[in-house]
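Student: Shown below is the structure under consideration.
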Amino acid sequence: MGSNNSVNINGHGNHISSFSRARRAGSTSTCVSYSDSVKEFEVGDLVEVTLFVPERGRGLNIGFLAGIDKREDDIALLISADFFTKQLNFYARKGQRWDTLQTSEKFPFEQGGKGVIQIKYMGSHNQVSVNGQEIANLKHRVDPNSVQTIFVESDVRVERIDYRPFKERQ
């Protein structure tokens with residue numbers, strides 16, 4: 001954990017390792033199954049991604065996929081950050097149709113710094129925060145309970161992916 005060669009999910013005592021990894025032009029693509037860790041979201045449940053952005057980091061995509069094929073399956077939420085243009089966008093794909101859910105006015109990432117992305121399930125929507133700063137409230141287009149896989153495409157170093165149920169944080 002903490003290296004550029006591993007991504008782990010911790011939730012309900014489960015430790016699930018990366019099952020797919022590829023490199024493309026300096027970036028890394030990782031897919032991680034979490035359907036065994038997250039049985040069903042309840043209001044207040046949280047998925048937290050901790051990462052490090054290198055000095056010359058270009059971008060980041062984190063997707064919550066309803067299946068295992070990122071080219072075909074629905075994507076409940078795609079977080080896309082471009083470190084050069086300082087744009088942070090949120091997308092969803094249902095039935096091969098993409099929608100831009102929101103573009104953030106804030107860009108809370110710093111090259112050469114750590115980032116913590118929190119996605120909190122709020123029932124009718126997800127609340128997204130980065131480094132403790134609320135960035136977006138996004139209505140669901142795809143049922144969050146259908147998510148089976150998280151994929152990360154980036155040249156950042158993902159240190160942890162945690163699922164933290166609300167009832168365990170009280």
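Residue numbers (the UniProt record's numbering): 1 to 170. All C-beta atoms in this analysis are idealised placements derived from N, C-alpha and C, irrespective of residue type, glycine included.
(1) Am I right that Leu46 and Asn61 are in contact with their C-beta atoms under 8 Å? What's the rounded C-beta distance?
(2) Measuring straight from C-alpha to C-alpha, what distance separates Ser17 and Ser104?
(3) Check the DSSP bridge columns for Val49 and list the partner residues they point to.
(4) Looking at Leu51: is its Cβ nearer than 9 Å to the Cβ of Glu159?
(5) Measuring only the C-alpha atoms, how far is Ser146 from Gly112?
(6) Terminal residues of the continuous alpha helix (DSSP H) containing Arg169?
(7) Please confirm whether Lys120 and Val128 have their CB atoms less than 9 Å apart.
(8) Tell me which residues share the same chain as Pro108 and place their Cβ nearer than 8 Å to its Cβ, disregarding the 5 neighbours each side in the sequence.
(9) On the CB-based measure, 16 or more other CB atoms within 10 Å of its CB, does Glu168 come out buried or exposed?
(10) Grouping DSSP H, G and I as helix and E and B as strand, with all else coil, what is Asn131?
Tutor: Reading from the atomic positions:
(1) Contact check for Leu46 and Asn61: beta-carbon distance about 20 Å, past the 8 Å limit, so the pair fails to qualify.
(2) Any reading at Ser17 needs caution, since the residue's pLDDT is 35, under 50, leaving its predicted position unreliable; the model's value is listed next. Taking the CA atoms as reference points, Ser17 sits about 31 Å from Ser104.
(3) BP columns for Val49 point to Ile117, Ile161.
(4) Result yes, Cβ atoms of Leu51 and Glu159 sit closer than 9 Å.
(5) So the two alpha carbons sit approximately 34 Å from each other.
(6) Arg169: member of the alpha helix (DSSP H) spanning 166-169, first to last residue.
(7) Here Lys120 is near Val128, since their CB atoms are less than 9 Å apart.
(8) Taken in chain order, the residues that qualify are Leu88, Gly115, Val130, Asn131, Gln133, Ile135.
(9) With fewer than 16 other Cβ atoms from the protein chains shown falling within 10 Å of its own Cβ, Glu168 counts as exposed.
(10) Assignment of Asn131 by DSSP, reduced to helix, strand and coil, places it in the coil class.
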